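I have placed the structure first, in the form of structure tokens, so that the comments after it can refer back to it.
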Amino acid sequence: MRTAAVVLALVLALSALPVCALEEWTIDSGTAGLLVEDHRAPLLFVTIDFAAGSWSPWVEEHDAEAAFEIQMHDPNGELRRRADLLAASVWLYVSDRSSTLSLACRKEDAAQALDLVRAILANSDFDRSELKRRRQESKLSWAASLKEPQFVLQRAAVETLFGEDDPRRRRYEEPKLPPADVARLVAARDALVRFPGRVVGFAGDLTLEEASRLADGLLPEAAREAPPDIAPKLGPIAPARSRPREKSIRLPRLTQVYFGYGRDSIGWLDPRFPASLVADHALGGHFNSRLMVALRQEGGDTYGAYVRGFGDVDPGPYGIGSFTKNENAAPMEAKLRDVLASFHTGGIHEAERALAAGNVVGRRAFSRQSPSSILATAMAERRHGLPYGFFDGQSEKAASLSLEEVNAFIREFYDPELFTMLVLQAE
Amino acid sequence: MARFRTFVPILLFSFLASARALSGAPPGYLTETLSNGLEVSILADPTMPVVATQVWYHVGSANEEPKTRGFAHLFEHMMFGGTPTHPKRAVWDHHEAYGGDTNAYTSFDETVYVSEIPPQGFDGVPELEADRMVNLSLTEENLANEKRIVTEELRLSTENDPMSRLLTDMLKRVLGEHPYALSPVGTKEDIAAATLEHAREFYGRYYRPRNAHVVVVGPVDPEATLARLRAAFGPLPPDGETPKDVPDLHAWDFPDRLRFEEDLPPAEIATIGFPLPAPSHHDSPAVDLMLEILARSAINPFEDDLVRRRHRAIYAGTDTYGARRGGFIAFFSANLPYRREKTAFRHLEESRAALGRFEWLDEARLSAAKRKLSQTEAWRRYYASSMADAIGRAAWWEGDEERAFDRLERLEAVAVEDVKSVFRRYILDATPVKLYVKPEHVPLYVRLFGWLYPLFGGR
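Quick mapping for you: the protein sequence lines, in order, are chains X and D. Offset between the first sequence (1-based) and my numbering: plus 8. Offset between the second sequence (1-based) and my numbering: plus 38.
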């Protein structure tokens with residue numbers, strides 16, 4: 009009863025917060041504008057999402073990731089020098105489903121900072137020397153990644169789940185080196201930033217009128233349509249029966265054994281997703297979760313034990329992770345398996361459900377602290393084709409589920425027969 | 039007469055215990071020293087959706103004695119062990135129920151307990167913190183379990199990742215006998231040697247009102263929150279002590295040159311490092327602006343000279359680190375393992391000398407650095423935890439919590455000549471600590487033919 013009151017109080021309190029409204033408008037036929045207006049600090053954040061990311065076959069074929077990320081590097085460093093003089097921070101990065109330019113600056117510098125954005129997107133003189141340097145750096149970074157236990161474990165996980173051509177494996181494979189052909193890179197960047205489906209998001213100390221004015225002419229004219237191969241082509245997930253039940257990986261000099269007990273996650277649009285929020289919280293989402301109590305609080309076997317899902321609207325890897333000293337490997341593995349088995353067969357108790365319900369609702373306050381984090385959530389929703397408020401809605405659905413509904417999901421999803429035990433240990 | 043004697047201390051305590059609003063602080067800021075010596079600070083901001091409560095204990099790894107090595111970090115864990123009135127899981131469960139977070143961290147100079155929670159869950163947080171400040175259940179069972187957990191944390195953070203191993207080793211060898219030489223997480227040997235008797239002594243000495251500062255920031259009523267803090271913490275005994283200060287880093291005697299080997303990719307890393315003054319030093323605003331330009335610009339002037347203009351390294355950069363008694367700035371380069379160590383250091387020195395021409399510094403660049411740092415300060419307006427951290431840090435590191443609010447004014451007063459002056463004093467005219475890191479394994483083809491690489495324009 010007390011917990012139901014907590015959840016209700018949290019829902020009501022969050023609804024009453026002075027949440028900055030999200031406003032949307034059309035900039036041109038291929039571009040939407042978004043604004044989160046917040047005048048508490050004289051700051052401006054701009055996030056521009058372009059419609060293809062590293063999972064796109066088109067991006068891969070045209071080396072557009074390297075092209076997008078190098079475009080602020082002209083041979084004389086003029087663009088970066090301008091950013092420094094404007095006290096503006098500019099980030100260029102390519103994620104799975106989009107390519108993004110982000111800017112943060114003081115409001116008084118907004119007009120000049122957006123001129124800089126225009127200049128970056130129009131730069132056709134990429135620094136050849138920097139390209140060459142990035143090739144060398146890329147090789148060294150890859151070599152360093154292969155010595156990091158978590159990276160190695162995650163790499164093994166995606167290999168058990170996805171076929172060789174599946175883009176979900178890509179970030180764990182040796183990166184393709186950026187080509188030296190600047191003209192080819194400039195052409196790729198020029199095409200990428202024109203694909204329709206662009207979103208220009210503003211957050212901070214400006215009005216809709218100001219945002220509309222700043223957005224006008226900010227981007228090059230949008231193309232009428234995008235090539236058919238910009239959308240990611242995800243392959244099928246290896247069925248559980250074809251996946252290994254166990255897999256051992258070796259690295260030199262380890263003094264700990266790392267476990268990844270995993271399977272495929274469920275996607276955000278799966279109707280079971282809200283139940284997974286409750287179940288994951290109870291299993292490994294906090295200091296008193298099943299995993300943390302069994303492996304840390306009671307026996308001191310480990311420092312950390314957690315559950316982690318890497319999916320989005322499409323499933324990705326899902327894993328229960330932990331680690332312990334080498335000589336404790338076998339008992340630890342047995343405990344890990346026991347926790348999952350008893351979770352699967354016995355489900356959770358009402359107290360655990362209630363704690364998770366309060367948690368998923370209350371946590372939403374954290375993503376409402378700054379206008380840029382509100383904008384980031386809205387842009388993530390839009391990027392994945394979800395309605396605004398989707399994540400808040402899922403939290404509320406999760407909080408309203410009954411114990412029986414959550415336990416029915418647990419019996420279905422956490423079957424140990426569907427999991428692979430990955431063990432990374434010393435050579 | 040007896041009445042008078044009682045009356046005087048009451049008056050005195052009333053004076054000491056009266057809340058004061060600092061001149062440079064924003065509205066809604068209250069600060070007070072309770073009669074038991076505990077400092078409390080409250081910044082009310084109704085626009086924040088989360089309340090941050092931080093309890094700063096002014097003891098860190100640098101204050102440990104031989105018999106209490108590793109205790110600062112160990113206590114970060116022990117403090118979640120429960121009290122006679124609040125069982126072990128109480129602090130976590132309270133936060134989880136409201137979607138909040140609670141955690142702690144240990145550094146060289148302090149151990150900080152952090153709570154972030156929607157305002158509906160703030161009720162109870164001061165009481166939980168006050169309870170564990172003096173009533174912690176210190177048992178053999180709790181100690182033994184936390185020792186095992188911390189040992190696993192040590193293995194994770196200092197043994198199994200090549201870069202972590204390297205940094206732990208560097209800290210120890212560069213700083214030698216300085217209290218900052220030991221990583222705040224401690225060592226396995228220290229943790230194994232910890233006894234309950236020493237734990238109780240450590241707790242009784244440092245986890246007490248006179249060595250703590252409670253900071254609350256968020257959508258709270260300042261007067262009501264002050265009353266609540268007085269009620270929760272006020273009755274605690276007026277004891278505890280602040281450990282003796284550690285030596286200033288800048289005055290420390292460092293080794294000239296050290297060599298390291300680690301299981302890194304086939305690249306060699308050369309570093310020249312320089313100690314910097316403490317944040318409370320009068321040079322601090324000029325140093326902050328210098329670091330903003332040298333270490334956090336889109337164009338890193340050192341990297342620009344070494345890598346882009348002169349092509350002397352694959353990668354170069356500037357790292358900084360700050361602690362209460364001083365900081366460090368390090369300029370580093372990475373090369374394929376064909377260069378001689380001497381050559382790598384010569385290139386670094388040439389770039390240091392190039393920085394001495396101050397092409398990276400003029401009025402426009404300094405003004406931009408000030409505007410950039412002003413963004414960092416403005417950013418705190420959104421985040422209760424960031425603001426609480428700034429207040430706790432200003433009070434402990436700089437000895438004056440008002441410095442959390444007047445930083446921009448102090449930065450504004452810095453002139454180009456001031457930045458040039460601190461660059462000359464702390465970098466250009468200073469003797470560097472030189473560190474050279476070689477990979478354990480170098481491929482045979484690199485060993486045999488690497489020397490040809492620069493002839494074809496390689497770095």
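For every residue, glycine included, the Cβ atom is placed at its ideal position computed from N, Cα and C. Values in this document were obtained by computation on a predicted structure and should not be read as measured data.
- For Asn141/D, the uninterrupted beta strand (DSSP E) segment begins and ends at Asp139 to Thr144.
- Cβ-Cβ distances below 7 Å link Asp286/D to Ala316, Arg363 and Gly364 in the same chain, with the five nearest sequence neighbours on each side left out; the list follows chain order.
- Shortest Cα-Cα distance from Asp83/D to any of Gly119/D, Glu439/D, Arg418/D and Ala392/D involves Arg418/D.
- Annotated three-state conformation of Phe370/D is strand, per DSSP.
- Around Val369/X, the beta-carbon contacts reaching into chain D at under 7 Å are Gly137.
- Not a single CB atom of chain X sits nearer than 8 Å to the CB of Thr356/D.
- Spatial neighbours of Leu285/X in its own chain (CB-CB distance under 6 Å, excluding positions within 5 residues in sequence) are listed in chain order as Val368 and Ala406.
- In the DSSP assignment, Ser110/X is bridged to Thr55/X and Trp99/X.
- Secondary structure note for Ser73/D: it is in no alpha helix (DSSP H), with a DSSP letter that is neither H nor E.
- Here Tyr241/D is not bridged, per DSSP, to any residue.
- The beta carbon of Ala451/D is closer than 8 Å to those of Pro323 in its chain, skipping five residues each way along the sequence.
- Sequence-distant partners of Glu436/D (beyond 5 residues in either direction) whose C-beta falls short of 7 Å from its own C-beta, in its chain, are Pro317 and Ser318.
- Contact between the segment 91–111 of chain D and the segment 238–249 of chain D is present: three or more C-beta pairs spanning the two stretches fall below 8 Å.
- Looking at the DSSP output, Met429/X bridges to Glu254/X and Tyr269/X.
- In summary, Glu306/D is buried, with 16 or more beta-carbon neighbours lying within 10 Å of its beta-carbon over all protein chains present.
- Nearest C-alpha to Asn415/X among Ile356/X, Ser378/X, Glu389/X and Ala91/X: Ile356/X.
- Listed along the chain, the chain X residues whose CB falls inside 7 Å of the CB of Val253/D amount to none; the nearest CB is some 17 Å away.
- Residue-level contact check: Ile229/D does not touch chain X, since none of the beta carbons of chain X fall below 8 Å from its beta carbon.
- Scanning Leu174/D, Asp438/D, Ile80/D and Gly108/D for the CA closest to the CA of Ser221/D turns up Gly108/D.
- By the rule that beta-carbons nearer than 8 Å mark a contact, Lys343/X does not touch chain D.
- In the three-state reduction of the DSSP assignment, Ser318/D falls in the coil class, being assigned neither a helical nor a strand state.
- For Glu455/D, the enclosing alpha helix (DSSP H) starts and ends at Val454 to Phe461.
- In the DSSP annotation of this structure, the continuous segment of the beta strand (DSSP E) that includes Leu296/D starts and ends at Arg295 to Glu300.
- Within chain D, the C-beta atoms nearer than 8 Å to that of Ala49/X come from Ala416, Trp417, Arg419 and Tyr420, in chain order.
- With a threshold of 8 Å between beta carbons, Ala402/D makes contact with chain X.
- In the DSSP assignment, Leu473/D forms a beta bridge with Leu296/D and Thr309/D.
- Within chain D, the residues Ile331, Ser335, Ala336, Ile337, Arg403, Ala406, Ala407 and Lys410 have their CB atoms less than 9 Å from the CB of Asp92/X, given in chain order.
- By the rule that beta-carbons nearer than 8 Å mark a contact, Arg193/D touches chain X.
- By the Cβ test, the segment 460–480 of chain D is not in contact with the segment 343–356 of chain D, since fewer than three Cβ pairs between them sit closer than 8 Å.
- In the displayed model, Thr356/D falls within a strand according to three-state DSSP.
- Counting only runs of at least 3 residues, the segment 192–231 of chain X fully encloses the following beta strand (DSSP E) elements, listed from N- to C-terminal order: 206–212.
- Residues of the segment 320–349 of chain X with a C-beta less than 7 Å from any C-beta of chain D: Phe331, Thr332 and Lys333, listed in chain order.
- A Cβ of chain X is located within less than 8 Å of the beta carbon of Gly159/D.
- Taking a C-beta distance under 8 Å as the contact criterion, Ile80/D and Val223/D do not qualify as a contact pair.
- Comparing alpha-carbon positions, the option among Phe443/D, Arg441/D, Ile229/D and His111/D lying closest to Asp147/D turns out to be His111/D.
- The DSSP-derived three-state label of Tyr421/D is coil.
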